[in-house]
Structure formats: structure tokens, C-alpha cells
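Residue numbers for the sequence shown follow the UniProt record's numbering, so the first one is 1 and each next one is one higher.
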Amino acid sequence: MKKYKVIIGQLHDRTINLLLLLFEELPDFEVVACVRKGEEFVEQTLLLHPDIAIVDISIPEFDGITIIKECHILLPKLKTIFLTRSTSFAVKAFEVSAVDYIIIPFKKSRLILALEKVKKAILLESTASTDNNISVLTVREGSFYYFIDKKDILYLEKVGHVVFIHTVEKIYKTQETLAYYNDSIGDNFMKSHRSYIINLQKLKYIERSGKTFLANFYNYDKPAFVSKYQLEKVINRINQP
């Protein structure tokens with residue numbers, strides 16, 4: 001039986017103890033670390049490679065959103081459940097593709113439901129990763145199923161909770177997350193910005209635009225964004241033999 005590794009990042013002993021008691025009843029999960037500070041959370045996460053992070057928004061040294069962004073640089077598949085007393089950051093939690101946002105005090109059943117969502121997401125990614133070599137991407141849009149040749153895709157763009165898939169002929173709209181496509185679309189694609197995944201084989205040139213960069217594509221007028229943090233990585237990937 002696969003055990004899902006969990007790291008807990010919480011400030012209060014009471015919350016940590018409640019979580020430890022809960023996980024004693026859940027044989028599918030193993031708590032690998034409990035930390036109270038943001039810097040230690042990042043260090044332990046990058047060391048232990050957990051599958052799931054249960055983290056507070058308010059934690060010393062870094063806020064919860066920031067530490068998850070730090071962890072995602074090297075562990076993009078880390079699944080996050082925010083467990084917090086604050087109601088103010090639920091929308092921001094979607095910036096890091098949080099699986100759930102739970103307010104303390106919480107019911108045990110509520111957290112178990114969130115953990116089941118995590119398990120399904122991990123299973124879906126595992127299944128999708130075996131399909132990376134399939135050349136067609138299936139996209140459901142309303143009552144239609146479109147079968148898009150991956151080589152025709154220029155880039156994927158996240159706007160709010162919707163992802164748009166750009167091709168020269170048509171823009172497709174899907175409710176899947178950008179993180180889902182990042183893990184399943186294939187080796188020719190790369191996340192260039194928190195809201196964009198680009199097809200490196202379709203890239204014509206990159207130009208500076210203020211504090212960011214624009215990726216331009218053949219036979220298409222609308223560019224995608226490349227963050228300054230990803231620019232060098234994109235160039236290195238393109239130059240790989």
C-alpha cells in the first residue's frame with residue numbers, strides 16, 4: 001500500500017496534536033515532519049519530498065503562500081491544504097493550486113474529504129504521466145470533446161479559474177487546472193510563467209516588455225508571458241541538444 005507523505009506547517013501545538021491524532025487513524029498517510037517556522041518548513045520539504053503539505057497561512061518568517069511558492073520551484077507536484085484561522089487568503093490560495101482551504105476550528109470529516117481529493121489528484125497525475133507520449137490532447141468544452149494534436153498547441157493560458165489552449169486556428173476553453181497540464185502535456189512544453197505553459201517547438205522569439213518578457217509564436221499575434229525567473233530556464237531548454 002502506498003503511503004502518502006505529509007508535512008505539517010502549523011504554529012499552534014493544539015492544531016499539530018489534533019492532526020497527529022487524526023493521521024494515526026489514517027493508514028494511507030505518514031507524517032514525516034511537523035514544523036512551526038517558514039524557513040524550516042521549506043528546508044524540510046525540499047529534504048523529505050512529501051506528497052502533501054498541510055500549512056497555515058500565518059507562520060513565522062514567511063507566509064504560507066510564499067513558502068509553498070518556494071517549495072514548488074523544486075517540487076511542483078507538492079499538493080497543499082491550507083489549514084488556518086484566517087479567511088482572508090482563500091482566493092490567493094488558488095495562485096499555488098491549493099487543493100483545499102480549511103478554516104480552524106475544523107471537523108475531522110472536512111479534512112478527510114480534502115485528503116481524499118489529494119489522493120485523487122495524485123492518482124490522476126500518475127495516470128496522466130503515462131500518457132505523455134500520446135500525441136493528442138483531449139479537451140472537454142461544454143457538450144463537445146475536442147481532440148487536439150499537441151504539436152498544434154502554441155501555449156496554455158490561465159485566466160482566473162479557466163485555462164485557454166491557444167492554437168493558430170482556435171482557442172479552446174477548459175476547466176482543468178494549469179498544474180494538471182503541466183504534469184501531463186509532454187516534454188516539448190514548459191511552464192514559463194505562473195499563468196502560462198508554452199510549446200518550445202513553436203516559439204519564434206522572446207522580447208522584453210517592462211519587467212517581464214513576451215514569448216512570440218509563428219503565425220500568431222498574441223504572445224504569452226515569460227517571467228524573468230523562468231527566462232534562463234526556457235533558453236536553456238531550447239538550447240539543449
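Each residue gets a CB set at the ideal place from its N, CA and C atoms; glycine is no exception.
Just to confirm before moving on: does the CB-CB distance between residue i and residue j stay below 8 angstroms?
{"i": "residue 300", "j": "threonine 167", "result": "With the chain running from 1 to 241 in the structure shown, residue 300 is simply not present."}
{"i": "lysine 5", "j": "glutamate 30", "result": "yes"}
{"i": "valine 32", "j": "isoleucine 7", "result": "yes"}
{"i": "leucine 74", "j": "alanine 53", "result": "no"}
{"i": "cysteine 34", "j": "isoleucine 16", "result": "yes"}
{"i": "phenylalanine 164", "j": "lysine 173", "result": "yes"}
{"i": "methionine 190", "j": "arginine 237", "result": "yes"}
{"i": "arginine 36", "j": "leucine 19", "result": "no"}
{"i": "glutamate 25", "j": "glutamate 61", "result": "no"}
{"i": "aspartate 51", "j": "glutamate 125", "result": "no"}
{"i": "arginine 110", "j": "isoleucine 122", "result": "no"}
{"i": "isoleucine 104", "j": "arginine 85", "result": "yes"}
Hey, residue i and residue j are a contact pair by Cβ (cut 8 angstroms); roughly how many whole angstroms apart?
{"i": "aspartate 100", "j": "isoleucine 81", "result": "5 angstroms"}
{"i": "serine 195", "j": "valine 226", "result": "Their Cβ separation, rounded to whole angstroms, is 11 angstroms, which puts serine 195 and valine 226 out of contact at 8 angstroms."}
{"i": "leucine 83", "j": "phenylalanine 106", "result": "7 angstroms"}
{"i": "residue 311", "j": "phenylalanine 213", "result": "Residue 311 lies beyond the range of the chain shown here (1 to 241); nothing can be said about it."}
{"i": "lysine 69", "j": "valine 96", "result": "6 angstroms"}
What residues in its chain sit with their C-beta under 8 angstroms from that of residue i, if we drop five residues either side in the sequence?
{"i": "threonine 130", "result": "Bear in mind that a pLDDT of 49 at threonine 130, under 50, signals an unreliable position, so the model cannot answer this."}
{"i": "lysine 108", "result": "Leu22"}
{"i": "phenylalanine 94", "result": "His161"}
{"i": "aspartate 221", "result": "none"}
{"i": "alanine 98", "result": "Ile68, Thr80, Ile81, Phe82"}
Within the same chain, show all residues whose beta-carbon is closer than 7 angstroms to that of residue i, passing over the 5 residues directly before and after it, in chain order.
{"i": "phenylalanine 89", "result": "Ile57, Ile65"}
Got a sec? Which residues, its chain only, sit under 6 angstroms from residue i by beta carbon, not counting five neighbours each side?
{"i": "histidine 72", "result": "none"}
{"i": "alanine 224", "result": "Tyr155, Tyr196, Ile198, Ala215"}
Among the options, whose alpha-carbon lies nearest the alpha-carbon of residue i?
{"i": "tyrosine 180", "options": "Pro50, Pro76, Thr87, Gln201", "result": "Pro76"}
{"i": "asparagine 219", "options": "Leu203, Leu47, Thr45, Lys233", "result": "Leu203"}
{"i": "lysine 233", "options": "Leu200, Ser135, Gln44, Gly210", "result": "Leu200"}
{"i": "isoleucine 171", "options": "Leu47, Thr177, Leu178, Tyr146", "result": "Tyr146"}
{"i": "tyrosine 205", "options": "Gln44, Ile235, Lys119", "result": "Ile235"}
{"i": "glycine 9", "options": "Val159, Arg208, Gln44", "result": "Gln44"}
{"i": "proline 27", "options": "Glu207, Leu115, Thr87, Leu47", "result": "Leu115"}
Does any residue of chain B have a CB that is nearer than 8 angstroms to the CB of residue i?
{"i": "leucine 48", "result": "Annotation note: the requested chain B is absent from the structure, which comprises a single protein chain."}
Only counting runs of 3 or more residues, tell me where the beta strand (DSSP E) segments fall wholly within the segment 18-71, in order along the chain.
29-35, 52-55
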